[in-house]
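Residue numbers (this note's numbering): 79 to 369.
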């Protein structure tokens with residue numbers, strides 16, 4: 079398992095969806111014979127060279143409100159992701175050493191998938207259910223000493239979410255802190271826990287912006303914060319009229335959010351376009367260094 083001792087500086091988490099149905103790049107690595115594992119490995123390596131410090135490998139789309147998106151059995155997830163993780167673990171060892179070492183993350187809610195991924199070389203579990211879908215995820219994380227990301231989500235479609243929730247930040251942040259305590263009660267060290275407010279997961283447009291505006295309140299609770307704003311639907315609301323709502327435009331908006339969030343103390347920025355995310359962090363760091 080490749081990992082580092084702590085997460086203390088802003089870093090990019092690059093998304094590698096080993097799925098046919100993820101909302102942004104689902105099917106990108108699919109062939110008539112199944113998943114092109116080698117293409118996934120090469121994509122992960124490109125992301126590292128572009129500035130990713132974490133690679134988030136997922137074998138199950140998490141946007142279950144979308145038509146056709148259904149849970150994927152653990153054995154199928156393992157078949158999809160383990161060859162990619164094994165290949166990346168080997169190939170990353172051939173690249174120039176980075177500080178800290180690149181972390182491979184497994185994006186799963188299932189303990190069996192998490193264990194198989196860690197055995198293959200992963201050092202982080204990114205659980206969109208915050209350990210509630212499969213209670214055995216916490217014992218796996220405690221036993222292996224890997225990082226674990228706990229995310230907040232509502233299962234309904236963002237389009238069908240309430241117009242806004244009166245106490246969205248207190249509700250989301252309070253939930254994450256309770257799940258963090260549950261993780262610690264199961265033996266996971268506090269410095270292994272990261273919190274993700276789950277932008278876009280069942281949240282109305284204005285609620286996402288409100289969370290971003292007050293993200294420092296979560297940062298101040300002492301856990302590294304993960305932010306996954308990349309290409310989310312709520313970003314389309316700020317694209318100027320007459321401009322196509324496409325990934326290029328959303329990537330630009332994502333980079334702007336990344337810079338703002340980094341200024342507020344967010345450490346891990348989960349993105350699809352690593353190059354623009356890394357540039358946003360570089361600009362933020364340079365501005366800070368010259369103050």
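Beta carbons are placed, not taken as given, at the ideal position from N, Cα and C, and that holds for glycine. Quick caveat: nothing in here was measured; it's all calculated off a predicted structure.
Option nearest residue i by Cα separation, candidates the options
{"i": "residue 84", "options": "151, 154 and 202", "result": "202"}
{"i": "residue 405", "options": "159, 149 and 310", "result": "This structure leaves residue 405 out entirely; the chain is present only between 79 and 369."}
{"i": "residue 266", "options": "249, 93 and 227", "result": "227"}
{"i": "residue 204", "options": "349, 198 and 192", "result": "192"}
{"i": "residue 133", "options": "364, 359 and 348", "result": "348"}
{"i": "residue 198", "options": "210, 176 and 162", "result": "162"}
{"i": "residue 301", "options": "255, 342 and 363", "result": "255"}
{"i": "residue 350", "options": "130, 290 and 164", "result": "130"}
Simplified DSSP assignment, three categories, for residue i
{"i": "residue 293", "result": "helix"}
{"i": "residue 212", "result": "coil"}
{"i": "residue 184", "result": "strand"}
{"i": "residue 286", "result": "helix"}
{"i": "residue 355", "result": "helix"}
{"i": "residue 92", "result": "strand"}
{"i": "residue 189", "result": "helix"}
{"i": "residue 86", "result": "coil"}
{"i": "residue 134", "result": "strand"}
{"i": "residue 173", "result": "coil"}
{"i": "residue 313", "result": "helix"}
{"i": "residue 199", "result": "coil"}
{"i": "residue 100", "result": "In this prediction, residue 100 has a pLDDT of 49, which is less than 50 and means its spatial position is unreliable; what the coordinates show is noted afterwards. Correct three-state label for residue 100: coil."}
{"i": "residue 252", "result": "helix"}
{"i": "residue 303", "result": "strand"}
CB-CB length for residue i against residue j, believed under 8 Å
{"i": "residue 135", "j": "residue 184", "result": "6 Å"}
{"i": "residue 309", "j": "residue 332", "result": "6 Å"}
{"i": "residue 30", "j": "residue 182", "result": "Because residue 30 is not part of the residues shown, which for the chain are 79 to 369, the question remains open."}
{"i": "residue 264", "j": "residue 217", "result": "6 Å"}
{"i": "residue 298", "j": "residue 246", "result": "That pair is no contact at about 17 Å."}
{"i": "residue 152", "j": "residue 208", "result": "Not really, about 18 Å apart at Cβ, beyond 8 Å."}
{"i": "residue 313", "j": "residue 344", "result": "Contact flag wrong, Cβ pair sits at about 16 Å."}
{"i": "residue 278", "j": "residue 232", "result": "Their Cβ separation, rounded to whole angstroms, is 10 Å, which puts residue 278 and residue 232 out of contact at 8 Å."}
Element boundaries [alpha helix (DSSP H), containing residue i]
{"i": "residue 125", "result": "115-128"}
{"i": "residue 348", "result": "That residue, residue 348, is in no alpha helix (DSSP H); its beta strand (DSSP E) goes 346-349."}
{"i": "residue 226", "result": "Premise fails: residue 226 lies in the beta strand (DSSP E), 225-229, not in any alpha helix (DSSP H)."}
{"i": "residue 168", "result": "152-170"}
{"i": "residue 279", "result": "Careful: residue 279 lies outside any alpha helix (DSSP H) and carries neither H nor E."}
6 Å CB neighbourhood of residue i in its chain, flanking five on each side removed
{"i": "residue 86", "result": "none"}
{"i": "residue 100", "result": "The pLDDT assigned to residue 100 is 49, lower than 50, so where the model puts this residue is not dependable; a value taken from the coordinates is nonetheless given after this. Same-chain partners within the cutoff: 139."}
{"i": "residue 359", "result": "88 and 340"}
{"i": "residue 176", "result": "none"}
Range covered by the beta strand (DSSP E) that runs through residue i
{"i": "residue 57", "result": "Beyond the ends of the chain as shown, which are 79 and 369, falls residue 57; an answer cannot be given."}
{"i": "residue 272", "result": "271-274"}
{"i": "residue 203", "result": "202-205"}
Beta-carbon contacts of residue i that lie in its chain and below 7 Å, excluding the five residues immediately before and after
{"i": "residue 365", "result": "none"}
Residues near residue i in its chain [Cβ-Cβ closer than 8 Å; skip 5 each side]
{"i": "residue 123", "result": "166, 169, 170 and 173"}
{"i": "residue 268", "result": "258, 262, 300 and 301"}
Residue i Cβ short of 7 Å to the ligand GTP heavy atom set
{"i": "residue 193", "result": "This structure lacks the ligand GTP, and indeed carries no ligand of any kind."}
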